Each structure stands twice: as structure tokens, then as C-alpha cells.
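Enquirer: First residue of the sequence shown: 311, per the numbering used here; consecutive thereafter.
We put the beta carbon where it would ideally sit given N, CA and C, even for glycine.
As the structure is a computational prediction, the values presented were derived from the model and not from experiment.
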Amino acid sequence: MAGAVGCATQTAAPPPPAGFISESCPTNKALVYLYRVRRWHPDGHGITMCVNDVPVVALHGREYCPLFLDPGFVSFSHKCNYGPYGMLTGIMADLQLQLQAGKTYYVAYRFWINPFTHSKPEMDLVDEATGTNEMSICTMKKPL
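Set out below in C-alpha cells:
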């Protein structure tokens, strides 16, 4: 009896293109580009970024995510591990903004190592030129 022989190889999805791709902002929403340029090893599953304490995206270095948010007061934060051996998880507030409908914002997540002080990750609101320049080496990531 002859059996069927075949190959079940699956083609891997192509990686997203590197480089910043501009989105258009709807008139009733605010567009926020949340990005992380610096890599940090070991990075694991990335750093979970939150909007109003709700996880929206996990970013590795050189990734960005366009977020279409309702206008109004918004708090940006990230999940962090603390305590003995990083066993506890919490949310560290980084930046608060009053978003306006139809406007675009660029928020950079930065983590700087300083041997003389305790390092604190932070998010900074940057201008369009800085944001688009820094995201030019990044890959777009979709929200959770």
C-alpha cells in the first residue's frame, strides 16, 4: 500500500520593515508614537508600556508603536520588577499629558545607566524632528 508523502513547510512571515512609517491622525483622536530606541540585554519579552495603567504594547529596543487615543488627560507608565530578585511587579508612572484631538505626539522611553546615581527609566515628550529621527532605525510594533 502506497502512502502519501509531502512536505509541510510553512513560510515564515516577513519581518516588518525597519524605519519610521507615518500615520495620519483622525480628527477625533490623538496620535501618540510611543518608542524605545536603546536596546538593553537581557531584554526578555520587552518592557510593557501602559496608558492609564492598562498595558498597550511590549517594546524591545528599536521599536515603536502608534497609538490612537481619546483626547484628554493620559498617564504613560511602564511595568517594572522590584523587590528581592525582582519578584514583585508594579507600574512606574513616567509622563502625564493632556492630549488634544487631531494632534500628534512623540513619546520616547529612555533608560540611561549612570554609575553615580540610581537609574530611573523615563518617558519624554519630544518634538517631531527628534521623534522621527530616532524612530528612523526602529521597527513598528502593533498594540496588544
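1) First and last residue of the beta strand (DSSP E) that includes Ala328?
2) What three-state label does DSSP hand Gly382 in the structure shown?
3) Out of Phe383, Ala328, Arg372, Cys335, point me to the one whose CA is closest to Thr419's CA.
4) Thinking Thr386 and Leu405 are a contact (beta carbons under 8 Å), I'd like their distance in whole angstroms, please.
5) Which same chain residues, not among the five before or five after Asn338, have their C-beta less than 7 Å away from its C-beta?
6) State the beta-bridge partners of Cys375 as determined by DSSP.
7) What's the C-alpha gap between Val347 and Cys448?
8) Near Tyr374, which residues of its chain fall below 8 Å by C-beta distance, leaving aside the five closest residues on each side in sequence?
9) Buried or exposed for Leu454, please, with buried defined as at least 16 other CB atoms from any protein chain shown within 10 angstroms of its CB.
10) Could you pull the DSSP bridge partners for Pro365 from this structure?
11) At the level of alpha carbons, what is the spacing between Pro365 and Met359?
12) Which residues bound the alpha helix (DSSP H) around Thr414?
13) What are the start and end residues of the alpha helix (DSSP H) that includes Asn443?
Expert: So, from the data block:
1) Taken as a continuous stretch (DSSP letters only), Ala328 belongs to no beta strand (DSSP E), as it is neither H nor E.
2) strand
3) Per the sequence presented here, residue 419 reads as Tyr, with Thr not at that position. The option with the nearest alpha carbon to Tyr419 is Arg372.
4) Inspection of the sequence shows that residue 386 is occupied by Phe rather than by Thr. 4 Å between Cβ atoms; contact.
5) Ala411
6) In the DSSP assignment, the residues bridged to Cys375 are Leu344.
7) 7 Å
8) Phe330, Tyr343, Leu344, Tyr345, Arg346, Met445, Cys448, Thr449, Met450, Lys451
9) exposed
10) Cys360
11) 6 Å
12) For Thr414, there is no enclosing alpha helix (DSSP H); the residue is part of the beta strand (DSSP E) that begins and ends at 414-420.
13) 438-445
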